[in-house]
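Here's the structure, in structure tokens; my notes come after.
Residue numbers (this note's numbering), protein chains in the order written: chain Z, 1 to 352; chain X, 1 to 380.
The following block contains the structure:
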């Protein structure tokens, strides 16, 4: 390749990538203008992921750090001053207040986002994988395969999701105490209270929650994927691909999968909200991730009795959950309108 | 039609058998001996109780009435049992410390507990035999006994189902009363401010966790109205006032959760119907808009909505879990949660099975109802 060739090709690539950026920018600008609430949802997603990843830096206090003497301090507004930093809080002032043992609620919400993001994203990925596998097999091959798989899905869908989740989480946690998903040491025995500001030491419990949520929620999702596959299968280009002798895997992955992607993406954003609400419910009931601050856990226990006098104790985590789930539902709605109008009316959520 | 129902009923049999395989199989998900795990879970609380039973057993073997035995008599038997156990390991009772005696006592109690649970669960048999025995018993309405003692599972379930049904029905009625008018108004005033408020509200309802709303309601009532909810449940026909005080707030919260989905579906259906030719005809012949909406559109749009209410039963039951917990309602969902905490497997299996059966039957009922209400739908 001569120097000229390289120059031309690099210029070409440059233009192509710039075109892509320009297009992406204009598409997202249009999305923000037409679907402001959907854009809010996308913003919430980015915000939660960022806060989760950098939570030890963003949080004011360390994990489990408490201020003796500052118990149950109400939220206070930071004062504005000219100079750096622009907003400052006094020594004994807390943005979102402190709880009954003097822990800063703002820091706890920030740490809690780790679990919310991990469970949300993990569940969505697992649901996507399982439901695409099951739904595509069932929808594409049809006939007897479809019939048999759908009978299994019937069984899957015969439980209220939360019952099955609760039962499975309890069973797996009992098993885990004897060395199962905890790889030899149980999650109750294993995690150290001072395991650092990261969720690593909660891996056993988080894995259980993610696996159970993913498996249970995939049942309903696989039905929707199957319906989308059936819709795509009827389009003549699939017949054309069969006629020219494409193999089944090729048709599935090159022709069908890209065409059901819009459905899958919409489904994912709705299930992100559902997963976060269910995780919060589990934590609230005390069976989810118990050895790390989570939003649901912040609402349970003593908070419920203290809330009468100190409303902010419940409002802070509650609003955090609400904003996240509301954002994801709106994002799902907006994406559906843009990507896949057929799905209208198939709302998610309502599981907590 | 009858052929369709028959076919669906036949299909239901493998589904329900699969469900029962799954729920009974959950016990088998655990590595090692399930009974070992269950015993360790409540060894701390159950140890002394179990040892007392062991002493009772010896007393009865000697032909005495256990309840009439004196304290010193029991103590002597206790000592004898522990001496025997220690003798098995070649240790003399008199040379041991208190700690070792307690340890031996614990081991004995655990062994007795395990034997009792094994016997009750029948886990010494192969899985398929266990499963078949469970199914044949369940068909006769016998779900075994609770691990924690007391009533049998089916008795307990019977005493708890009415409260759950009451909560569910109240929530359903409330949800429909909120969702249908809001959905209709939202569709008629499409893209107007009322529509935006209705739709935004519906999505907000779906995003609010019920436990958050419930705790807010309780705390708010206490703080601003000085009101505290009764915590001792009364049956509706025994003390309606207390019962309704407990039941109405969770029913409203649950109703709002249902209303979120229901309102969106009502709106979508109304929009579809409002675009139909016969609506334009009705408007063209000069009918008042109110009559067009109420007489022509709503009646046709509501057909699928009515059946959707039936499909919400799983959400209803699932949502009641947290609310029964918070408002102290002794319903089926709270029973499940208590059983899960106590690792009471016969109860967990039975509750899941009963609820799954309920849901499978409602689904069939909904499909049939749909065919009856809408003659265009062909059931096959």
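Backbone N, C-alpha and C fix where the C-beta goes; we use that ideal spot for every residue, glycine too.
For residue i, which three-state DSSP category applies?
i	result
residue 118 of chain Z	helix
residue 191 of chain X	coil
residue 371 of chain X	helix
residue 157 of chain Z	coil
residue 75 of chain Z	strand
residue 208 of chain X	coil
residue 143 of chain Z	helix
residue 188 of chain Z	The predicted model places residue 188 of chain Z with a pLDDT of 45, which falls under 50 and marks its position as unreliable; any figure quoted below should be read in that light. Reduced to three states, the DSSP call for residue 188 of chain Z is coil.
residue 26 of chain X	helix
residue 59 of chain Z	coil
residue 362 of chain X	helix
residue 249 of chain Z	helix
residue 169 of chain X	helix
residue 85 of chain X	helix
residue 234 of chain X	coil
residue 111 of chain Z	helix
residue 16 of chain X	helix
residue 182 of chain X	helix
residue 93 of chain Z	coil
residue 349 of chain Z	Interpretation of residue 349 of chain Z is limited by its pLDDT of 36, a score under 50 that renders its predicted location unreliable; the figure taken from the coordinates is listed afterwards. If DSSP states are grouped into helix, strand and coil, residue 349 of chain Z belongs with coil.
residue 281 of chain X	helix
residue 66 of chain Z	coil
residue 65 of chain X	coil
residue 56 of chain X	helix
residue 261 of chain X	helix
residue 137 of chain Z	helix
residue 246 of chain X	helix
residue 163 of chain Z	helix
residue 276 of chain X	coil
residue 105 of chain X	helix
Since residue i contacts residue j with CB under 8 Å, what's their CB separation in whole angstroms?
i	j	result
residue 102 of chain Z	residue 68 of chain Z	6 Å
residue 276 of chain Z	residue 119 of chain Z	7 Å
residue 312 of chain Z	residue 97 of chain Z	5 Å
residue 219 of chain X	residue 125 of chain Z	Contact doesn't hold; Cβ gap of about 37 Å is too wide.
residue 154 of chain X	residue 143 of chain X	5 Å
residue 131 of chain Z	residue 60 of chain Z	So it is not a contact: roughly 40 Å between Cβ atoms.
residue 48 of chain Z	residue 117 of chain Z	5 Å
residue 347 of chain X	residue 146 of chain X	6 Å
Could you pull the DSSP bridge partners for residue i from this structure?
i	result
residue 115 of chain X	None, per the DSSP bridge assignment.
residue 145 of chain X	X:152
residue 104 of chain Z	Z:98
residue 80 of chain Z	Z:87
Please determine, among the options, the residue with the shortest C-alpha to C-alpha distance to residue i.
i	options	result
residue 330 of chain X	X:73, X:366, X:243, X:80	X:243
residue 217 of chain X	X:254, X:317, X:134	X:254
residue 201 of chain X	X:294, X:236, X:259	X:259
residue 231 of chain Z	Z:60, Z:142, Z:47, Z:38	Z:142
residue 127 of chain X	X:20, X:338, X:318, X:221	X:20
residue 16 of chain X	X:139, X:289, X:65, X:66	X:139
residue 180 of chain X	X:300, X:11, X:333, X:86	X:300
residue 251 of chain X	X:136, X:230, X:164	X:164
residue 62 of chain X	X:72, X:25, X:77, X:51	X:77
residue 72 of chain Z	Z:239, Z:338, Z:303	Z:303
residue 353 of chain X	X:24, X:2, X:3, X:12	X:24
residue 99 of chain Z	Z:321, Z:212, Z:298	Z:298
residue 7 of chain X	X:372, X:368, X:82	X:368
residue 370 of chain X	X:160, X:307, X:359, X:272	X:307
residue 207 of chain X	Z:288, Z:272, Z:91, Z:265	Z:272
residue 92 of chain Z	Z:57, Z:262, Z:76, Z:229	Z:76
residue 111 of chain Z	Z:46, Z:55, Z:130	Z:55
residue 321 of chain X	Z:225, Z:165, Z:242	Z:165
residue 62 of chain Z	Z:109, Z:138, Z:82	Z:109
residue 321 of chain Z	Z:255, Z:50, Z:39, Z:44	Z:44
Q: Ignoring anything shorter than 4 residues or poking outside the stretch 202-246 of chain Z, list the alpha helix (DSSP H) runs there in chain order.
A: Taking only runs of at least 4 residues, the alpha helix (DSSP H) segments lying wholly in the stretch 202-246 of chain Z are 203-233, 236-243.
Q. Where in the stretch 254-338 of chain Z do unbroken runs of the alpha helix (DSSP H), each at least 4 residues long, occur, reported from the N-terminal end onward?
A. 257-285, 295-298, 302-306
(Q) Give the list of continuous alpha helix (DSSP H) stretches no shorter than 4 residues that lie fully inside the stretch 327-353 of chain X. (A) 332-341
Q | Continuous alpha helix (DSSP H) assignments of at least 4 residues falling wholly in the stretch 286-326 of chain X | A | The stretch 286-326 of chain X contains these whole alpha helix (DSSP H) runs: 299-311, 313-326.
Q) If you measure beta-carbon to beta-carbon, which residues of the stretch 303-331 of chain Z are closer than 7 Å to chain C? A) Absent from the structure is chain C; the protein chains it does hold are Z and X.
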